[in-house]
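Heads up: the sequence shown begins at 11 in this note's numbering, then just goes up one per residue.
Beta carbons are placed, not taken as given, at the ideal position from N, Cα and C, and that holds for glycine.
Since the model is a prediction, treat every value here as computed from it, not as a measurement.
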Amino acid sequence: DSLGVYFHNDADEIDAVLKLLDLDGAAEVNVGEASRALREALIEDMELTQSYPGFVEKFAATTDNDALIKLAEDKAALRDYLAERQVFDVIHEHPAAIAPQTRIDCLRKMQPRLYSIASSQAEVDDEVHLTVGVVEWDAFERGHLGGASGHLGRRAGEGDGLRVFVESNENFRLPESPDTPVIMVGPGTGIA
Numbered sequence: 011d012s013l014g015v016y017f018h019n020d021a022d023e024i025d026a027v028l029k030l031l032d033l034d035g036a037a038e039v040n041v042g043e044a045s046r047a048l049r050e051a052l053i054e055d056m057e058l059t060q061s062y063p064g065f066v067e068k069f070a071a072t073t074d075n076d077a078l079i080k081l082a083e084d085k086a087a088l089r090d091y092l093a094e095r096q097v098f099d100v101i102h103e104h105p106a107a108i109a110p111q112t113r114i115d116c117l118r119k120m121q122p123r124l125y126s127i128a129s130s131q132a133e134v135d136d137e138v139h140l141t142v143g144v145v146e147w148d149a150f151e152r153g154h155l156g157g158a159s160g161h162l163g164r165r166a167g168e169g170d171g172l173r174v175f176v177e178s179n180e181n182f183r184l185p186e187s188p189d190t191p192v193i194m195v196g197p198g199t200g201i202a
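What follows is the structure, encoded as structure tokens:
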């Protein structure tokens with residue numbers, strides 16, 4: 011099984027974006043059926059680390075940014091551009107004053123990240139243990155962290171709450187005989 015994690019975006023990054031765009035973090039926005047403060051929605055609900063073409067297309071049209079509109083028309087160039095950038099980077103490179111709800115409407119809901127469970131319930135009862143390698147790099151004169159790995163490995167403190175769910179893998183079966191050796195090879199196992 012895997013553990014699905016809904017992480018929190020970096021609050022310092024959110025505050026920098028709000029300041030850059032002169033937006034009030036307390037402004038009310040709708041995320042689906044819920045009404046929330048813009049800052050809270052950006053931290054907890056919206057995808058700001060994984061870049062995707064739909065964001066650039068919506069953001070370009072909404073801001074009437076000629077450079078982004080032209081980029082969005084060239085799918086290969088757009089893929090190359092986004093390969094190196096988080097949504098945060100696009101916003102920093104092309105700041106534009108738009109209404110808080112419009113900002114939310116340009117983004118997609120946060121996608122949970124799945125992590126292989128590295129513990130046995132027989133050993134740790136109601137806990138779940140994960141092995142997380144923090145993804146980090148420098149680009150565009152700023153440090154970057156992966157969304158979930160940065161939250162889990164750097165920002166979350168002991169006792170902090172986090173929305174999670176168990177993603178069952180019905181296809182995984184151990185051999186019937188406990189004497190059969192088991193070696194797992196593949197993504198997330200640490201064995202290549």
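Check, Outcome
"Every unbroken beta strand (DSSP E) within the region 56–130, with a cutoff of 3 residues, ordered by chain", "123–126"
"Rounded Cβ spacing between GLU103 and ALA149 (contact assumed at less than 8 Å)", "11 Å between Cβ atoms; not a contact."
"Burial state of ASP99, where buried means 16 or more other Cβ atoms lie within 10 Å", "buried"
"Among THR59, ASP74, PRO63 and ALA71, the one whose alpha carbon lies nearest that of ARG123", "THR59"
"Extent of the continuous beta strand (DSSP E) to which ALA149 belongs", "146–149"
"Cβ contact check for the region 21–39 and the region 175–183: 3 or more pairs under 8 Å", "no"
"Spatially closest choice to GLU67 from MET56, GLY169 and ALA82, by CA coordinates", "ALA82"
"Exposed unless 16 or more other CB atoms sit within 10 angstroms - verdict on GLY70", "A quick correction: the sequence has Ala, not Gly, at residue 70. Counting Cβ neighbours within 10 Å, ALA70 comes out buried, since at least 16 surround it."
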